[in-house]
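Protein chains in written order, with the working numbering: chain Y, 114 to 624; chain W, 180 to 669.
Structure record follows, encoded as structure tokens.
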């Protein structure tokens with residue numbers, strides 16, 4: 114029997130959400146445990162998908178195609194390849210962890226919270242598995258609504274402002290993407306993402322190609338977010354409740370990054386090559402600016418929020434490098450020794466970029482959880498008031514240090530592999546920009562070591578915090594799988610890289 | 180044509196007339212009936228919808244081509260009956276506390292529906308003018324129905340004065356067109372304008388004024404800028420179900436006439452009216468949205484929001500061309516807007532019926548007091564803002580799609596302004612959502628909403644979502660209904 118894995122992964126959460134709506138409001142414990150248990154199903158299914166995915170071909174697998182709206186040629190089409198499989202798994206993992214963490218930390222309006230969180234999961238899964246623009250766009254937008262509520266109801270003091278800012282910002286990008294989608298539809302008569310990658314809409318008209326390109330770019334770049342579209346991010350990340358920040362940083366940013374791989378690069382390779390330099394420069398600014406602004410923060414949560422701008426900048430750098438035009442190296446050409454070397458560099462940059470998205474998800478997701486841990490105890494995030502916590506919270510100290518080191522790219526932990534691949538790839542193609550971008554690594558290293566580890570854990574203990582308890586067992590349990598993957602993919606990245614590489618090579622060869 | 184055949188083609192109108200008279204008569208004869216009459220009226224509307232759907236596919240002209248029975252007209256007749264049905268359903272409990280004269284109220288609503296069905300099929304300028312006046316007269320009475328309430332009277336008077344002026348202006352435009360061509364029938368006007376011996380050759384400059392003057396009449400019914408000033412006061416003053424009716428019924432009728440007149444009679448001057456309508460569309464959506472942001476009364480907010488919404492719909496008319504989805508988009512948008520906007524209004528009726536307030540600030544914490552109503556309002560606001568998976572998204576997809584399909588810079592610009600306007604609109608729609616979900620309730624007492632209102636909210640919410648999730652049958656219906664327009668020579 115053919116099990117519709119992707120449909121199940123996508124729609125089980127929303128079914129759970131409907132069940133929760135029907136449960137009585139005061140059965141809080143039942144609602145909580147039901148959500149966590151339910152979220153294990155997509156996690157298990159996505160693990161099965163990962164294990165059963167044949168990475169050698171790099172093709173779309175687990176496909177499901179049904180007729181849906183024949184009047185406008187819309188099909189219900191889902192499928193995954195080596196780029197989406199790790200992201201689907203990441204989504205499932207972080208959703209389960211976030212729900213489990215919320216089990217202990219959410220006490221208000223429990224029913225609404227868990228129902229919305231599961232709805233959010235459906236939106237995120239849907240984006241990663243949809244292969245039809247109509248379907249894709251529905252999931253892309255539907256995720257905004259629950260996140261708006263999560264920030265606005267359970268967020269910090271400026272939550273209302275942050276919630277609507279997040280919504281308006283993302284929506285204004287999305288609607289421009291919608292126009293581009295409509296333009297492609299009326300040009301080629303299909304909403305199918307893979308078909309469009311073959312048909313190359315607006316082939317004879319570069320102006321329209323460029324318009325559509327920038328329309329989609331706006332939507333994706335706001336989500337990623339790239340400088341100068343990042344201003345919603347610090348507000349949303351800081352005001353969101355801990356689990357919301359984890360999902361925002363861990364997955365919602367990846368929706369934007371993923372769009373570059375699935376939509377922009379395969380459908381508009383020409384325009385992408387044409388504008389690669391602009392994108393590389395924006396990526397460079399995101400990297401350097403993100404790192405410097407992050408270092409200037411005294412609010413721990415804001416510091417980590419800005420570090421996302423920096424880290425997602427690496428993803429964009431890898432993408433720009435992979436698409437950049439180069440004398441003697443057509444995008445997909447791999448027949449001479451030089452062009453093969455260039456092709457390899459492009460593949461490396463792209464591999465690194467996909468891996469960086471996964472790594473950023475587990476690392477920064479973890480960092481936001483750790484911010485939640487200290488904030489739950491001290492109700493403060495100001496780095497100036499801490500100090501010496503290492504003595505009284507040794508477990509927290511250890512886990513925080515490991516995660517920070519992973520984030521700054523220490524060899525042996527996951528972050529290093531992806532950043533290395535991105536720099537190795539882009540140094541060969543857009544050398545000057547890559548050289549400057551490396552400085553970002555130095556700044557983030559300084560920032561994590563000085564601002565986070567030194568200011569929080571070393572030095573004299575502030576007596577005010579002497580009674581803080583160390584991490585609870587459930588908090589350690591939330592971090593354990595994340596640390597596990599940071600170490601595993603830091604030492605032995607082959608399982609995930611071989612998966613990504615197949616899809617990346619196929620993507621590049623098709624350009 | 181033999182009489183029985185004519186009667187068959189007129190069966191929806193005859194049904195409505197019969198039931199309107201029945202309701203009025205029963206109200207006079209038996210005093211106790213009042214609220215039962217609502218169900219009689221709903222029964223009449225259901226019959227009218229059945230009669231209309233039996234005619235679907237017909238393409239005929241009646242009474243020396245005064246009236247046309249075609250899928251396009253029939254589509255709008257169904258829209259009118261659905262609108263009134265939902266409005267009556269939401270009035271049953273609401274009007275109980277407001278006025279003792281409820282029998283006539285339902286009778287008048289049926290007459291207004293009759294006016295819309297006549298407008299939908301009118302294919303002669305005289306017939307158009309008469310049905311437009313018929314619709315206006317019934318609407319004036321309905322807006323000012325609450326005699327004891329000064330706001331209702333004020334709204335009624337404003338609506339009347341404004342309507343009287345615009346219909347006079349429109350009549351002037353009609354007379355100009357008649358003077359130029361010598362015909363009042365739309366098809367004959369087109370032929371006269373097309374013929375080489377066209378009388379218009381001597382007075383070409385008169386066409387543009389004629390178009391603009393006639394637009395005053397249509398624009399008044401649709402509430403397009405700059406013919407919109409009556410809207411917020413009339414909506415605020417009118418009994419809320421009537422505001423709901425005004426926000427959908429007459430607007431749909433106005434679009435039916437506008438499309439028929441411009442596409443049937445004036446295709447030669449398409450460049451001129453497209454230019455005018457593009458400008459009006461642009462101003463309507465931008466103005467409506469910007470002013471809606473500042474409103475504190477939810478009925479006034481919905482009034483300005485409806486001005487913005489018709490701006491989007493007009494974009495579909497502007498982008499009507501051979502092979503484009505413009506008119507299909509207009510039809511889909513109107514149907515989606517019917518369910519969405521009526522749904523939102525019914526929710527407002529429910530809230531004001533229980534709390535007596537229309538202030539947005541009083542919606543604070545509604546999720547605690549009436550979770551179903553609050554959730555439904557979120558769906559309606561999502562649909563109004565064009566967020567999938569809702570009918571509103573489908574409508575916008577089609578009208579903006581039509582603009583993109585035109586493939587000219589000016590239309591790309593219009594589409595871009597349209598989508599960015601949707602983003603602006605999200606701000607004020609979700610300001611209500613913010614009140615309902617983020618803020619604590621002013622009082623904890625949960626709201627007991629009458630079952631008829633809950634039913635109306637549930638039905639409209641279901642239709643809003645179904646249109647978004649499985650639009651196939653609706654797209655097919657709209658595509659078939661726009662055929663008469665597509666078959667016209669462009």
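Heads up, the beta-carbon is just placed ideally off N, CA and C, and yes, glycines get one too.
| So, does the CB of residue 677 (chain W) fall closer than 7 angstroms to a CB anywhere in chain Y? | Nothing about residue 677 (chain W) can be read from this structure; chain W reaches only from 180 to 669.
| query | Looking only at C-alpha atoms, which of W:601, W:631, W:627, W:656 sits nearest to residue 282 (chain Y)? | reply | Proximity to residue 282 (chain Y) across W:601, W:631, W:627, W:656 peaks at W:601, based on C-alpha coordinates.
| message | Counting only Cβ pairs nearer than 9 angstroms, list the residues of chain W close to residue 277 (chain Y). | response | Listed along the chain, the chain W residues whose CB falls inside 9 angstroms of the CB of residue 277 (chain Y) are 605, 606, 609, 610, 613.
| Around the C-beta of residue 211 (chain W), are 16 or more other C-beta atoms found within 10 angstroms, so that it is buried, or is it exposed? | Label assigned to residue 211 (chain W): exposed.
| query | Any beta-carbon of chain W closer than 7 angstroms to the one on residue 299 (chain Y)? | reply | Answer yes: the Cβ-Cβ gap between residue 299 (chain Y) and chain W drops below 7 angstroms somewhere.
| said: Just to confirm the assignment, what range does the beta strand (DSSP E) spanning residue 181 (chain Y) have? | reply: For residue 181 (chain Y), the uninterrupted beta strand (DSSP E) segment begins and ends at 174-182.
| field | Where residue 251 (chain Y) meets chain W, residues with beta-carbon distance less than 7 angstroms | value | Going along chain W in sequence order, the residues near residue 251 (chain Y) (Cβ under 7 angstroms) are 567, 568.
| query | Which runs of the alpha helix (DSSP H), 4 residues or longer, sit entirely within the region 311-378 of chain Y? | reply | 319-336, 345-352, 355-360, 366-372, all fully within the region 311-378 of chain Y.
| query | For the alpha helix (DSSP H) that contains residue 195 (chain Y), what are its first and last residues? | reply | Residue 195 (chain Y) -> no alpha helix (DSSP H), and no H or E assigned at all.
| request: Measure from the alpha carbon of residue 520 (chain W) to the alpha carbon of each residue in W:495, W:433, W:636, then state which is nearest. | output: Of the candidates W:495, W:433, W:636, the one whose C-alpha sits nearest the C-alpha of residue 520 (chain W) is W:636.
| residue 249 (chain W) CB to nearest heavy atom of the ligand HEM below 6 angstroms | What this structure holds is no ligand at all, so the ligand HEM is not there to describe.
| said: Quick check: residue 402 (chain Y) and residue 340 (chain Y), are their CB atoms within less than 7 angstroms of each other? | reply: Judged by their CB atoms, residue 402 (chain Y) and residue 340 (chain Y) are nearer to each other than the 7 angstroms cut-off.
| Where do the N-terminal and C-terminal ends of the beta strand (DSSP E) with residue 241 (chain W) fall, by residue? | Unbroken beta strand (DSSP E) run through residue 241 (chain W): 239-241.
| task | Determine the burial state of residue 532 (chain W): buried for a count of at least 16 other Cβ atoms within 10 Å of its Cβ, exposed for fewer. | result | Label assigned to residue 532 (chain W): buried.
| said: Can you confirm whether the region 385-404 of chain Y touches the region 521-537 of chain Y when touching is taken to mean that 3 or more C-beta pairs between the two stretches lie within less than 8 angstroms? | reply: Fewer than three Cβ pairs drawn from the region 521-537 of chain Y and the region 385-404 of chain Y lie within less than 8 angstroms of each other, which leaves the two stretches out of contact.
| query | Hey, residue 260 (chain W) and residue 215 (chain W) are a contact pair by Cβ (cut 8 angstroms); roughly how many whole angstroms apart? | reply | Rounded, the Cβ-Cβ distance is 20 angstroms, inconsistent with contact.
| task | Taking residue 617 (chain W) as the query, report the chain Y residues whose CB atoms sit under 7 angstroms from its CB, ordered along the chain. | result | For residue 617 (chain W), the residues of chain Y that pass the 7 angstroms Cβ criterion are 265, 266, 273, in the order they occur in the chain.
| said: Quick check: residue 517 (chain W) and residue 262 (chain W), are their CB atoms within less than 7 angstroms of each other? | reply: For the pair residue 517 (chain W) and residue 262 (chain W), the CB atoms are nearer than the 7 angstroms cut-off.
| message | Just to confirm, is the Cβ distance from residue 500 (chain W) to residue 578 (chain W) under 7 angstroms? | response | No. Outside cutoff.
| In chain order, which beta strand (DSSP E) runs of at least 3 residues are fully inside the region 551-597 of chain W? | List check, beta strand (DSSP E) in window: nothing returned.
| task | Kindly indicate which three-state DSSP category residue 302 (chain W) falls into: helix, strand or coil? | result | Note: residue 302 (chain W) maps to coil in three-state DSSP.
| Would residue 296 (chain Y) count as contacting chain W if we go by Cβ distances under 7 angstroms? | At least one C-beta of chain W is nearer than 7 angstroms to the C-beta of residue 296 (chain Y).
| What three-state label does DSSP hand residue 266 (chain W) in the structure shown? | In the structure shown, residue 266 (chain W) sits in a helix (DSSP, three-state: H, G or I).
| task | Quick one: measure Cβ to Cβ for residue 616 (chain W) and residue 515 (chain W), integer angstroms, because I've assumed they're closer than 8 angstroms. | result | Actually they do not touch by this definition, with Cβ atoms about 24 angstroms apart.
| said: Give me the DSSP bridge partner(s) of residue 348 (chain W). | reply: Looking at the DSSP assignment, residue 348 (chain W) forms no beta bridge with any residue, so it has no partner.
| query | Would you call the CB atoms of residue 502 (chain Y) and residue 597 (chain Y) closer than 7 angstroms? | reply | Result no, Cβ atoms of residue 502 (chain Y) and residue 597 (chain Y) do not sit closer than 7 angstroms.
| request: Please state if the CB of residue 319 (chain Y) and the CB of residue 300 (chain Y) are separated by a distance shorter than 7 angstroms. | output: It is not a contact, given that the beta carbons lie outside the stated cut-off.
| task | State the start and end residues of the unbroken beta strand (DSSP E) segment that holds residue 246 (chain W). | result | Counting along the chain, the unbroken beta strand (DSSP E) around residue 246 (chain W) starts and ends at 246-248.
| query | In terms of alpha-carbon separation, which member of W:249, W:525, W:196 lies closest to residue 639 (chain W)? | reply | If we check each option's Cα against that of residue 639 (chain W), W:525 comes out closest.
| task | Kindly identify the DSSP beta-bridge partner or partners of residue 532 (chain Y). | result | Paired residue(s): none; residue 532 (chain Y) is not in a bridge.
| request: Could you have a look at residue 476 (chain W) and say whether DSSP puts it in helix, strand or coil? | output: Note: residue 476 (chain W) maps to strand in three-state DSSP.
| task | Count the other C-beta atoms from every protein chain shown that fall within 10 angstroms of the C-beta of residue 183 (chain Y), then say buried if there are 16 or more, exposed otherwise. | result | Exposed is the call here.
| message | Is it buried or exposed, residue 549 (chain Y), if we count other Cβ atoms within 10 angstroms and call 16 or more buried? | response | For residue 549 (chain Y), the number of other beta carbons within 10 angstroms of its own is below 16, and it is reported as exposed.
| Exposed or buried, what is residue 614 (chain W) when buried is set at 16 or more other beta-carbons lying within 10 Å of its beta-carbon? | Burial call: buried.
| Out of W:629, W:573, W:603, W:234, which has the shortest C-alpha to C-alpha gap to residue 642 (chain W)? | It is W:573 whose Cα lies nearest to the Cα of residue 642 (chain W).
| field | CA-to-CA distance, residue 415 (chain Y) to residue 511 (chain W), given in whole angstroms | value | Whole-angstrom Cα-Cα distance: 45 angstroms.
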